[in-house]
């Protein structure tokens with residue numbers, strides 16, 4: 002009796018919040034399915050994958066321009082760039098290095114989503130020649146909150162925090178740092194003009210995520226880029 | 002018959018996406034209800050309200066520190082500060098000006114939400130003495146995407162874009178700029194160290210939102226603050 006009435010007359014107490022949690026669970030489950038399929042494809046083709054996340058304007062694209070140019074004769078790089086609107090970043094990266102595969106994911110086509118999810122990656126992958134790719138870098142939508150927690154099938158997650166954003170961000174946005182394998186403190190060339198204590202950021206990041214690696218660099222001045230290239234090289238050669 | 006079977010046996014074709022849209026509509030409707038109640042309270046007490054939005058680290062709190070100090074003898078200011086975690090910003094603002102009412106909304110208590118919504122504001126308002134408030138500034142969670150589109154009951158929306166974030170952000174994150182009444186280009190003191198064309202940003206903002214006001218300023222050097230104070234003054238004196 003209980004089960005019958007339960008099936009035909011959902012309790013009035015079913016709140017929107019409860020329904021929302023259910024739907025979110027469904028969506029998260031779907032995301033995991035897409036991510037698992039992506040992962041299989043990456044393994045099949047021997048592609049290493051990095052998911053790069055940060056606020057807007059922390060220097061993701063500038064760093065990728067340098068990275069693409071640095072590695073262009075060494076291995077084959079592909080980039081998927083997420084933005085709400087415009088193809089600007091994918092076009093910038095095509096100019097940065099000969100032979101790079103650079104494709105944009107415009108989330109305007111997905112309800113102006115504030116992050117990339119595994120389905121968007123799955124639907125973009127046919128635009129890339131994975132069999133001719135050693136490293137795929139996914140540049141997420143600029144957002145220090147929402148990209149966290151959505152696994153895309155990647156090997157490593159990198160979070161950028163730029164010096165002008167301030168040294169209080171790790172504790173204020175802990176979720177994304179907790180998931181990162183590597184924290185890049187970017188725009189280190191601006192440190193004299195900003196109040197920013199890198200050792201404080203490093204300590205707070207390690208408090209939140211033991212074992213996180215931290216590098217300081219500037220795509221503009223070139224400081225610290227060698228260590229970043231070594232990190233990438235180790236991942237690809239693994 | 003159709004209605005009976007419809008009630009008892011929802012069509013199998015009801016997808017998660019459709020259910021999600023329904024739930025989102027419900028939530029948006031709920032938000033509008035809370036926002037309308039907030040609005041009534043603000044009108045009743047003659048409080049002007051500004052919703053300030055930007056990426057993390059664009060200088061919202063630094064600007065509010067200056068603003069609070071500037072107006073502390075002129076009118077009564079209250080601030081609600083949204084962050085995922087920590088009370089740091091509300092505490093910073095208490096130090097900035099004697100007598101300021103400064104309260105934190107920690108969205109960890111709301112599923113680590115990436116934005117403020119009208120319900121969070123409604124639940125925080127009892128912590129403020131609205132009858133002793135001329136201007137309420139709501140500092141949203143640092144996020145250039147998700148706070149857009151959620152009306153809190155405010156009079157005006159202000160978006161900050163800091164010079165180090167880059168001059169390509171208006172076209173890449175159009176939604177939030179389309180809703181802004183005022184765009185503040187912040188950290189203008191860093192312009193010599195960054196590639197940033199303010200006139201390009203202004204032109205793109207006006208293309209997206211005709212009639213948007215744009216000011217350039219630096220909370221650090223003080224440049225442009227007078228025009229911002231005039232804007233605030235006009236709003237409060239209206």
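Residue numbers (our numbering), protein chains in the order written: chain A, 2 to 239; chain B, 2 to 239. From the three backbone atoms N, C-alpha and C, an ideal C-beta is built for every residue, glycine too.
On the criterion of 16 or more Cβ atoms from any shown chain inside 10 Å, does residue i qualify as buried, or is it exposed?
{"i": "residue 72 of chain B", "result": "buried"}
{"i": "residue 75 of chain B", "result": "exposed"}
{"i": "residue 219 of chain A", "result": "buried"}
{"i": "residue 227 of chain B", "result": "exposed"}
{"i": "residue 1 of chain B", "result": "Beyond the ends of chain B as shown, which are 2 and 239, falls residue 1 of chain B; an answer cannot be given."}
{"i": "residue 144 of chain A", "result": "buried"}
{"i": "residue 91 of chain B", "result": "buried"}
{"i": "residue 98 of chain B", "result": "buried"}
{"i": "residue 37 of chain B", "result": "exposed"}
{"i": "residue 155 of chain B", "result": "buried"}
{"i": "residue 231 of chain A", "result": "exposed"}
{"i": "residue 79 of chain A", "result": "buried"}
{"i": "residue 204 of chain B", "result": "exposed"}
{"i": "residue 193 of chain A", "result": "exposed"}
{"i": "residue 110 of chain A", "result": "exposed"}
{"i": "residue 201 of chain A", "result": "exposed"}
{"i": "residue 12 of chain B", "result": "Model confidence at residue 12 of chain B stands at a pLDDT of 40, short of 50, so the residue's coordinates are unreliable and nothing is read from them."}
{"i": "residue 238 of chain A", "result": "exposed"}
{"i": "residue 235 of chain B", "result": "exposed"}
{"i": "residue 127 of chain A", "result": "exposed"}
Tell me the DSSP bridge mates of residue i?
{"i": "residue 216 of chain B", "result": "B:185"}
{"i": "residue 250 of chain B", "result": "Residue 250 of chain B is absent from the model: chain B starts at 2 and stops at 239."}
{"i": "residue 81 of chain B", "result": "B:104 and B:139"}
{"i": "residue 163 of chain B", "result": "B:187"}
Using the beta-carbon of each residue, which ones in chain B are nearer than 9 Å to residue i?
{"i": "residue 89 of chain A", "result": "169, 172 and 173"}
So with CB distances below 8 Å, who are the chain A contacts of residue i?
{"i": "residue 145 of chain B", "result": "56, 57, 143 and 144"}
{"i": "residue 203 of chain B", "result": "Those do not exist, as residue 203 of chain B stays about 17 Å from chain A at its closest Cβ, beyond 8 Å."}
{"i": "residue 125 of chain B", "result": "By Cβ distance, chain A contributes nothing, its closest Cβ being about 18 Å from residue 125 of chain B, past 8 Å."}
Quick one: does residue i have its CB under 8 Å from some CB of chain A?
{"i": "residue 199 of chain B", "result": "no"}
{"i": "residue 191 of chain B", "result": "yes"}
{"i": "residue 86 of chain B", "result": "yes"}
{"i": "residue 240 of chain B", "result": "For residue 240 of chain B there is no data in the structure shown, the boundaries of chain B being 2 and 239."}
{"i": "residue 98 of chain B", "result": "no"}
{"i": "residue 12 of chain B", "result": "Unreliable placement is indicated for residue 12 of chain B, whose pLDDT of 40 sits below 50; no coordinate value is reported for it."}
{"i": "residue 194 of chain B", "result": "yes"}
{"i": "residue 6 of chain B", "result": "Low per-residue confidence applies at residue 6 of chain B: pLDDT is 33, beneath 50, and the placement is therefore not dependable, though the value from the model is reported in the following sentence. Taking Cβ atoms only, chain A never reaches closer than 8 Å to residue 6 of chain B, which makes this a no."}
{"i": "residue 3 of chain B", "result": "Annotation note: pLDDT 34 at residue 3 of chain B (below 50); position unreliable, no value reported."}
{"i": "residue 46 of chain B", "result": "no"}
Contact criterion: CB-CB distance below 8 Å. Does residue i meet it with respect to chain B?
{"i": "residue 163 of chain A", "result": "yes"}
{"i": "residue 166 of chain A", "result": "yes"}
{"i": "residue 227 of chain A", "result": "no"}
{"i": "residue 130 of chain A", "result": "no"}
Which bits of chain B does residue i rub up against, with CB to CB less than 8 Å?
{"i": "residue 222 of chain A", "result": "The contacting residues do not exist; residue 222 of chain A stays about 11 Å from chain B at best."}
{"i": "residue 188 of chain A", "result": "165"}
Please list the partners that residue i has in chain B, where partner means a Cβ-to-Cβ separation under 7 Å.
{"i": "residue 113 of chain A", "result": "176"}
Quiz item: How do the region 193-207 of chain A and the region 220-234 of chain A stand: do at least 3 beta-carbon pairs fall below 8 Å, yes or no?
Solution: Segments in contact, no.
| field | At least 3 beta-carbon pairs within less than 8 Å: the region 83-93 of chain A vs the region 108-127 of chain A | value | Touching, yes, given that three or more Cβ pairs across the two stretches are closer than 8 Å.
- May I ask you to verify whether the region 36-55 of chain A touches the region 107-114 of chain A, counting CB pairs closer than 8 Å and requiring at least 3? Contact between the region 36-55 of chain A and the region 107-114 of chain A is absent, because fewer than three Cβ pairs lie under 8 Å.
Does the contact criterion of 3 or more C-beta pairs under 8 Å hold for the region 176-189 of chain A versus the region 98-107 of chain B?
The region 176-189 of chain A, when compared against the region 98-107 of chain B, does not touch it at the 8 Å Cβ threshold.
Can you confirm whether the region 131-146 of chain B touches the region 130-137 of chain A when touching is taken to mean that 3 or more C-beta pairs between the two stretches lie within less than 8 Å? No, they do not touch.
Is the region 162-182 of chain B in contact with the region 170-187 of chain A, if contact means three or more CB pairs nearer than 8 Å?
Under the 8 Å Cβ criterion, the region 162-182 of chain B does not count as touching the region 170-187 of chain A, having fewer than three qualifying pairs.
Three or more C-beta pairs under 8 Å: does that hold for the region 44-52 of chain A against the region 21-31 of chain A? Touching, no.
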